[in-house]
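S.K.:
Number of protein chains: 2
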Amino acid sequence: MSIRRERKDAIEHRKLILQTALQLFDKHGVQPVSMHQIAKTAGIGQATLYRRYAHKGDLCMDMLQEYAKQLTDEIDELLVSSQSLPALDRLSGIMNKWIDAIEEKFGLIVAMESKMSCEDERGNFFHTPMYRYFRDKMASIFAEIHATKEHAADPEMAAHALICSMSPIGYFHMKQEKGYSTEQIKEQFRRLCEQYLA
Amino acid sequence: MSIRRERKDAIEHRKLILQTALQLFDKHGVQPVSMHQIAKTAGIGQATLYRRYAHKGDLCMDMLQEYAKQLTDEIDELLVSSQSLPALDRLSGIMNKWIDAIEEKFGLIVAMESKMSCEDERGNFFHTPMYRYFRDKMASIFAEIHATKEHAADPEMAAHALICSMSPIGYFHMKQEKGYSTEQIKEQFRRLCEQYLA
DNA sequence: TGGTTAAACGGACAATTGTCCGTTTAGTGT
DNA sequence: ACACTAAACGGACAATTGTCCGTTTAACCA
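These protein sequence lines map, in sequence, to chains A and B. By the numbering used here, the letter at position 155 of the first sequence is numbered 1381, and the numbering carries on one by one without gaps. By the numbering used here, the letter at position 56 of the second sequence is numbered 1282, and the numbering carries on one by one without gaps.
1) State the CB to CB distance for the pair Leu1304/B and Gly1319/B, rounded to an integer number of angstroms; the pair is presumed to be in contact (CB under 8 angstroms).
2) Give the secondary structure of Pro1355/B by DSSP, where H, G and I count as helix, E and B as strand, and everything else as coil.
3) Of all Cβ atoms in chain B, is any one closer than 8 angstroms to the Cβ of Asn1350/A?
4) So, is the C-beta of Gly1405/B closer than 8 angstroms to a C-beta in chain A?
5) Would you list, in chain order, the members of the stretch 1279-1291 of chain B that have their beta-carbon closer than 8 angstroms to a beta-carbon of chain A?
6) Going by DSSP in three states, Thr1374/A sits in which element: helix, strand or coil?
7) Taking Leu1250/B as the query, report the chain A residues whose CB atoms sit under 9 angstroms from its CB, ordered along the chain.
8) Report the neighbours of Gln1414/A on chain B: residues whose CB is nearer than 8 angstroms to its CB, in chain order.
9) With DSSP as the reference, label Met1227/A as helix, strand or coil.
10) If the cut is a Cβ gap below 8 angstroms, which residues of chain A does Arg1316/B touch?
11) Identify whether Arg1361/B lies in helix, strand or coil by the three-state DSSP scheme.
12) Please tell me whether Ile1221/B and Tyr1357/B are closer than 8 angstroms, where the distance is taken between their beta carbons.
13) First and last residue of the alpha helix (DSSP H) that includes Gly1283/B?
14) Is the separation between the beta-carbon of Ile1264/B and that of Leu1248/B shorter than 8 angstroms?
15) Val1256/A by DSSP, collapsed to three states: which one?
16) In angstroms, rounded to a whole number, what distance separates the CA positions of Asp1302/B and Glu1403/A?
17) Alpha helix (DSSP H) containing Ser1318/A: first to last residue?
18) Could you tell me if Gly1255/A is buried or exposed, where buried requires 16 or more neighbouring beta carbons within 10 angstroms of its beta carbon?
19) With a threshold of 6 angstroms on Cβ separation, who are the neighbours of Ala1294/B within its own chain once the five nearest residues in sequence on each side are excluded?
20) Starting from Arg1417/A, find everything on chain B with Cβ-Cβ shorter than 9 angstroms and list it in chain order.
21) Between Thr1267/B and Thr1246/B, how many whole angstroms is the CB-CB distance? I'm expecting something under 8 angstroms.
22) For Lys1323/A, which residues in the same chain have their Cβ closer than 8 angstroms to its Cβ, ignoring the five residues on either side in sequence?
23) For a contact defined as C-beta to C-beta under 9 angstroms, what are the partners of Ser1393/B on chain A?
24) In angstroms with no decimal places, state the Cα-to-Cα distance between Lys1341/A and Gly1283/A.
25) Please list the partners that Met1400/B has in chain A, where partner means a Cβ-to-Cβ separation under 7 angstroms.
26) Can the beta-carbon of Phe1352/A be found less than 8 angstroms from the beta-carbon of His1399/B?
27) Taking the alpha carbon of Lys1363/A as the reference point, which residue from Asp1326/A, Glu1409/A, Gln1309/A, Lys1412/A has its own alpha carbon closest?
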């Protein structure tokens, strides 16, 4: 007896759900669209939707996966082409990509973060492959520098702190309050890194 | 005709709500307690509760206010008594107080942050007096140092980034993943600051 | 003290989220 | 081909969140 693979109808439903959700989100924004509405529009039962996605945040996360793949690929390329540049430039390159991403996918990211039940230990951003990817890449850059230092913070800790400081809500808050353009905020983060690495 | 002040019964209800919520939260934790349950237990209508607090996050925030006042007072004292110490020690002192606070009030803070509807521009942590207090104090310490530097990041930006990096969920994630004790994580943050200030 | 009025009240009513359970169906082995 | 079974299905149900609106009441002023 072999392992049952995912049923054909299940695969189709998965695609149908993502496609329907995408259309509704594009039309009305993320927050106003309810799970009931998504199920109704897709013509499936609500339980079918919930069986696949525990909540809207979970659905958003899946929608972001595809984008995340594209993003990490771009960063991989960038890191190859800039491998001979100083650490600061490489770090700043990664962060700029991240900033572009939150500018583009703000609604999805915020919905994901806010709906992810925080009691459920495995359900937040810090357990996504994307977080891990970013942290690893940034930590390895920090490690190059920190190795030469006494009393330096753990590279993963430094990377973690930097990632946290670029979470969407805080990012937009600062941008609005100080009236920074996207380019100005990128420059600010670059300077922060510069101080970190100095 | 003078300005109507808050009605006597309204003041009593406010106190009753906070007291009831505190008891229920102590007994069952923050998340499992519903707004309906709070209203029922307090013996008031649900609308009365919602008129005062838009959602559970709002209620948590009010419950944190008192604690926040105490916290900022402690920090003010600390800053006076340590005013002749180096910037690093003062900064680190503030952060340690903050870390103690999130260790103690984790449930309330997370409930507040996650329930604060992110669409509502004025409803997140970054609009609280506490955030502003922390950012101002830390920024003024950064300003002492940054003044002597070329190309330094905006002090408020640096303070903001540091505050973000100490948000409760990220804090506990890192603590658990790396298996740090509270003291070890404080030391890590101290080293991060050291690099910032160096 | 008594009338006026704005504010507070709370039960009942939506809307949304999340779950149960009896039914259907696609895959597997004979 | 056919029966069997595990998985998927979805409507109906429960719980929670959030709102409406007619009623009550405390503060103000004459």
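Each residue gets a CB set at the ideal place from its N, CA and C atoms; glycine is no exception.
M.R.: Looking at the atomic coordinates:
1) Their Cβ separation, rounded to whole angstroms, is 5 angstroms, which keeps Leu1304/B and Gly1319/B in contact under 8 angstroms.
2) Correct three-state label for Pro1355/B: helix.
3) It does: the Cβ of Asn1350/A has a partner Cβ on chain B nearer than 8 angstroms.
4) So no, Gly1405/B is outside the interface.
5) Cβ contacts with chain A come from no residue of the stretch 1279-1291 of chain B.
6) Collapsing the DSSP output to three states places Thr1374/A in coil.
7) The premise fails here: Leu1250/B is roughly 17 angstroms from chain A at the closest Cβ pair, so nothing lies under 9 angstroms.
8) Residues of chain B with a Cβ closer than 8 angstroms to the Cβ of Gln1414/A are, in chain order, Ala1379, Asp1380, Met1383.
9) Low confidence applies here, because Met1227/A scores a pLDDT of 45, under 50, leaving its location unreliable and the question unanswered by this model.
10) Close to Arg1316/B, with beta-carbon spacing below 8 angstroms, lies no residue of chain A; the smallest spacing is near 17 angstroms.
11) When DSSP states are grouped into helix, strand and coil, Arg1361/B belongs to the helix group.
12) Because chain B is modelled from 1227 through 1424, residue 1221/B falls outside the range shown and cannot be assessed.
13) In this chain, the alpha helix (DSSP H) harbouring Gly1283/B covers 1282-1307.
14) No, these two residues do not count as a Cβ contact at 8 angstroms.
15) Coil at Val1256/A, not helix or strand.
16) Distance between the alpha carbons of Asp1302/B and Glu1403/A is about 25 angstroms.
17) From DSSP, the alpha helix (DSSP H) with Ser1318/A extends over 1313-1341.
18) Taking a 10 Å sphere around the C-beta of Gly1255/A, we find fewer than 16 other C-beta atoms and assign the residue as exposed.
19) The beta carbon of Ala1294/B sits closer than 6 angstroms to those of Met1356, all from its chain and outside the five residues before and after it, given in chain order.
20) Neighbours of Arg1417/A in chain B, taken as residues whose beta carbon is under 9 angstroms from its own, are His1377, Ala1378, Ala1379, Asp1380, Met1383, Ala1384 in chain order.
21) Indeed they touch by this definition, with Cβ atoms about 5 angstroms apart.
22) Take Lys1323/A, set aside five residues on each side of it, and the residues of its chain with a beta-carbon closer than 8 angstroms to its own are Leu1297, Glu1300, Ile1301, Leu1304, in chain order.
23) The CB of Ser1393/B comes closer than 9 angstroms to the CB of Cys1390, Ser1393, Gly1396 in chain A, given here in chain order.
24) Put simply, the backbone Cα of Lys1341/A is about 5 angstroms away from that of Gly1283/A.
25) Here the neighbours are Met1383, His1386.
26) For Phe1352/A and His1399/B, yes; Cβs fall inside 8 angstroms.
27) Per the C-alpha coordinates, the member of Asp1326/A, Glu1409/A, Gln1309/A, Lys1412/A positioned closest to Lys1363/A is Gln1309/A.
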